[in-house]
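For reference, the structure is listed below as structure tokens.
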Amino acid sequence: MTAGWAAPGQRWRLLAPDDAVVIEVTPGPRGVRRATACVRDLHQGVPVVLLDSRPGAKLRARRVAATGVITVDRQYLALPSLRNAVVVTEDTLDTLSWALRSLVTPPPGVTWAHSLADVGVRLLRRLPAVTGWLTAGWITVGRRA
Numbered sequence: 296m297t298a299g300w301a302a303p304g305q306r307w308r309l310l311a312p313d314d315a316v317v318i319e320v321t322p323g324p325r326g327v328r329r330a331t332a333c334v335r336d337l338h339q340g341v342p343v344v345l346l347d348s349r350p351g352a353k354l355r356a357r358r359v360a361a362t363g364v365i366t367v368d369r370q371y372l373a374l375p376s377l378r379n380a381v382v383v384t385e386d387t388l389d390t391l392s393w394a395l396r397s398l399v400t401p402p403p404g405v406t407w408a409h410s411l412a413d414v415g416v417r418l419l420r421r422l423p424a425v426t427g428w429l430t431a432g433w434i435t436v437g438r439r440a
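Residue numbering for the sequence shown is 296 to 440, as defined by my numbering.
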């Protein structure tokens, strides 16, 4: 028997309550409206996890939170992506800066892409706030307001 969080793309489950309702935010404005409607259908106080696995997810998560249907407890970034998370870090500047300096490195190997990845990692280390806007993995943990 294996834990549910051990499956690929499920590591975020360690950060959420067991009884949380999981809502995946789909592409476009319609996806934000659909996620907001799903949260509205829940009873007040129910734990909710919003997942978005596409770049620019931070903006969509903020749009759902701005509707007032969810009280956000914590927000996390999954690097390099939600499905292949190697690092999951809280979305605060200090925590993100530490994770980028200490845990994120370009993949090993000597190829033409290695130098591009190295430049990308160095850029993100200098501008950690940009990471939240570019990442393809966003996890919002909260409760139905």
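Cβ atoms here follow ideal geometry from the backbone N, Cα and C, with glycine treated the same way.
Because the structure is a prediction, the values reported are computed rather than measured.
> What residues are listed by DSSP as bridge partners for Ser-376?
Replying inline: Taking the sequence shown and counting its residues from 1, one reaches residue 376 at position 81. DSSP lists Ala-431 as partners of Ser-376.
> Between the C-alpha atoms of Leu-372 and Gly-437, what's the straight-line distance to the nearest angstrom?
Replying inline: Along the sequence shown, read from residue 1 onward, the residue named residue 372 stands at position 77. Along the sequence shown, read from residue 1 onward, the residue named residue 437 stands at position 142. Approximately 15 Å between the Cα atoms of the pair.
>> At the level of alpha carbons, what is the spacing between Met-296 and Thr-387?
In response: By one-based count along the sequence shown, residue 296 stands at place 1. By one-based count along the sequence shown, residue 387 stands at place 92. A caution first: Met-296 carries a pLDDT of 48, below 50, which makes its placement in the model unreliable, though a value can still be read off. For Met-296 and Thr-387, the distance between alpha carbons rounds to 35 Å.
> If you draw a straight line from the C-alpha of Ala-352 to the C-alpha of Leu-429, how long is it?
Replying inline: Position 57 of the sequence shown, counting from 1, holds the residue named residue 352. Position 134 of the sequence shown, counting from 1, holds the residue named residue 429. Counting only the Cα atoms, Leu-429 lies some 8 Å from Ala-352.
> Looking at C-alpha atoms only, which residue of Val-425, Arg-306, Arg-355 and Gly-363 is the closest neighbour of Val-327?
Replying inline: As a working mapping, residue 327 is identified with position 32 in the sequence shown. The residue with the shortest Cα to Cα distance from Val-327 is Arg-355.
>> Run through the DSSP bridge pairs and tell me what Pro-423 is partnered with.
In response: Looking up residue 423 in the sequence shown gives position 128. In the DSSP output, where bridge partners are listed per residue, Pro-423 has none listed.
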